[in-house]
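Visitor: Okay, handing you the structure first.
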Amino acid sequence: MASTSRLDALPRVACPNHPDSILVEDYRAGDMICPECGLVVGDRVIDVGSEWRTFSNDKATKDPSRVGDSQNPLLSDRDLSTMIGKGTGAASFDEFGNSKYQNRRTMSSSDRAMMNAFKEITTMADRINLPRNIVDRTNNLFKQVYEQKSLKGRANDAIASACLYIACRQEGVPRTFKEICAVSRISKKEIGRCFKLILKALETSVDLITTGDFMSRNWRYCWCC
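Residues 1 to 225 (UniProt numbering) are what the sequence shown spells out, left to right.
Listed below in structure tokens is the structure:
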């Protein structure tokens, strides 16, 4: 009980611009960042590593207090993976109600754009039951294209959709433009344009699709049914 009281008494922080947002911990730098605007609203969070456990449950069950994946090597500046519960404490605000951390670092716009693209790629892949290796290859393709700025002026969603199409073909599990279009908000025409531009920009190629590629997939589907 005493431990729980001490935990509740700890100061908690929230973004002054988005107080209801669930803050994200930059595990590497130890900062807490608002996912809506990128504002750092707290820093030097103690890394408790594997010793963290819930005070209310000492059993060896999954601890909901620690969530998130390991560092994402595709992000240039920082990895944002561990979610921190929202708080409304006044510890991080001055007497005028302004955040004490307004002038601190913010997440770079490029990392924010890539994070959004990676989420969209994962969502599209999940909708058509694509494995993790497809997602990883798609993320890498998108990162290369984004950093080269070779498709400047094209929507990131369209680029991500085309990258997913390319990744499927490179991994030997091709999907049609129609299938990719169905799980994205992008037209087949725009995906096709980005597809050609990406191949040219990355100086890469994909194997030709044969009817056998789709026949084998349909056969596996029928066999499972």
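We treat Cβ as the ideally placed atom computed from N, Cα and C, and that holds for glycine.
Source: prediction; values computed, not measured.
Helix, strand or coil for S56, going by three-state DSSP, please let me know.
Guide: At S56 the pLDDT is 42, less than 50, meaning the model places this residue with poor confidence and gives no usable figure here.
Visitor: Does I22 come out as helix, strand or coil in the three-state DSSP assignment?
Guide: In the displayed model, I22 falls within coil according to three-state DSSP, outside both helix and strand.
Visitor: Quick check: what's the CA-CA separation for V45 versus S109?
Guide: Interpretation of V45 is limited by its pLDDT of 45, a score under 50 that renders its predicted location unreliable; no figure is taken from the coordinates.
Visitor: Among the candidates C168, G172, E120, whose CA atom is the shortest distance from the CA of A155?
Guide: E120
Visitor: Just to confirm before moving on: does the CB-CB distance between R132 and V183 stay below 9 Å?
Guide: no
Visitor: State the Cα-Cα distance for the pair G192 and I166, rounded to the nearest angstrom.
Guide: 10 Å
Visitor: Could you pull the start and end residues of the alpha helix (DSSP H) that V145 belongs to?
Guide: 132-148
Visitor: Can you name the start and end residues of the alpha helix (DSSP H) that A160 belongs to?
Guide: 156-170
Visitor: Determine the DSSP secondary structure at L202, reduced to helix, strand or coil.
Guide: helix
Visitor: Does L151 come out as helix, strand or coil in the three-state DSSP assignment?
Guide: coil
Visitor: Does the distance from the CB of K178 to the CB of K188 come in under 9 Å?
Guide: Judged by their CB atoms, K178 and K188 are nearer to each other than the 9 Å cut-off.
Visitor: Out of E171, N129, I180, which one is the CA nearest neighbour of L208?
Guide: E171
Visitor: Could you spell out where the alpha helix (DSSP H) holding D111 opens and where it closes?
Guide: Segment 109-127, the alpha helix (DSSP H) holding D111.
Visitor: Roughly how many whole angstroms lie between the Cα atoms of L199 and C163?
Guide: 10 Å
Visitor: How many angstroms separate the CA atom of L23 from the CA atom of D111?
Guide: 17 Å
Visitor: Where does the unbroken alpha helix (DSSP H) through L186 begin, and where does it stop?
Guide: Contrary to the premise, residue 186 reads as Ile rather than Leu in this sequence. For I186, no alpha helix (DSSP H) run applies, since DSSP gives it neither H nor E.
Visitor: For N17, is the classification buried or exposed, using 16 other Cβ atoms within 10 angstroms of its Cβ as the cut-off for buried?
Guide: exposed
Visitor: What residue from E203, A160, F195, R185 has the CA that sits closest to M114's CA?
Guide: A160
Visitor: Using DSSP bridges, identify the partner residues of V173.
Guide: According to DSSP, V173 bridges with nothing at all.
Visitor: Using C-beta distances below 8 Å, list every residue in its chain close to V145, excluding the 5 sequence neighbours before and after it, in chain order.
Guide: L151, I159, C163, I198, A201, L202
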